[in-house]
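Note sheet for the following structure.
Residue numbers (my numbering): 43 to 297.
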């Protein structure tokens, strides 16, 4: 008799477990809702983009950044290696396999060098004329000068002595001279030009990456439109052996 009661209890427990499993199959978890946005004020190539996951009722996540790269992190960061428009897809799943998908196109911009401001220039020759300054900007690894990859400024005569030079002085910049800069080092070189002989004397130079170098963000608008503009001023200093200091701002825009 006791054995029959024990078997009965086992049968009841097994039946209850089957009922629970059946109920679980018939009563799925709440559906997932995939959602995310971008934390960056400015979205640009070669800079990490932070994605904020705002999904609900999900336990696992699958990200497709639209450039062939993927992630299963909750809120990942991703760096794009080229400007363009990318469709970012988030697939959110519940524990029982229900899925929801959100897709957001993002515009990844690229920096363009659009101008140079002279902030400070030393009196190299206080008893006479100062240099006739010419500036050259080009990729550090350039083997040949390719139009659109370098900039040669107009010759600025007797800089620092002429009354027309009120610092900071904005160097004239033609629209055709706008340079799209990429994630590499560029050389910024200063020359003194003899206007009579056209001979050039090298004054100073520096190499830097205008994409990754920190700058001052001047203005920015909504980051989801290709018409938005972020503008930076990137400081650059060059110092002579005698301590004379050249100081410039590179003006970079991100259309």
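Cβ coordinates follow ideal geometry from the N, Cα and C atoms, glycine included.
All values reported here derive from a predicted model rather than from experimental measurement.
Residue 252 counts as buried, since no fewer than 16 other beta carbons sit within 10 angstroms of its beta carbon. Runs of the beta strand (DSSP E) lying entirely within the region 134 to 175 and spanning at least 3 residues, in chain order: 141 to 150 and 154 to 162.
With contacts defined as CB atoms closer than 8 angstroms, residue 103 and residue 132 qualify as a contacting pair.
Excluding the 5 residues flanking it on each side, residue 175 has same chain C-beta neighbours closer than 6 angstroms at 198 and 201, in chain order.
Residue nearest to residue 94 within the set 82, 180, 109 and 222 is 82 (criterion: CA-CA distance). DSSP, reduced to helix, strand and coil, places residue 77 outside both helices and strands of the structure shown, so it counts as coil.
Each of 130, 151 and 173 was checked against the Cα of residue 224, and the nearest Cα belongs to 151. Contact between the region 202 to 217 and the region 132 to 143 is not established, with fewer than three Cβ pairs separated by less than 8 angstroms. Residue 214 and residue 130 have their alpha carbons spaced roughly 40 angstroms apart.
In the three-state DSSP reduction, residue 234 falls in the strand class (E or B).
In the DSSP secondary-structure assignment, residue 247 is bridged to 231. Look at residue 106 here: in three-state DSSP terms it is strand. Going by DSSP, residue 281 is part of the beta strand (DSSP E) stretching over 272 to 281.
When DSSP reads this structure, residue 209 sits in no beta bridge, so it has no partner. For residue 92, the uninterrupted beta strand (DSSP E) segment begins and ends at 90 to 95.
Setting aside the 5 residues that flank it on each side, residue 295 is surrounded in the same chain by 153, 154, 156, 271, 272, 273 and 274, each with a C-beta closer than 8 angstroms to its C-beta; the list follows chain order. Less than 8 angstroms separates the beta-carbon of residue 278 from that of residue 250.
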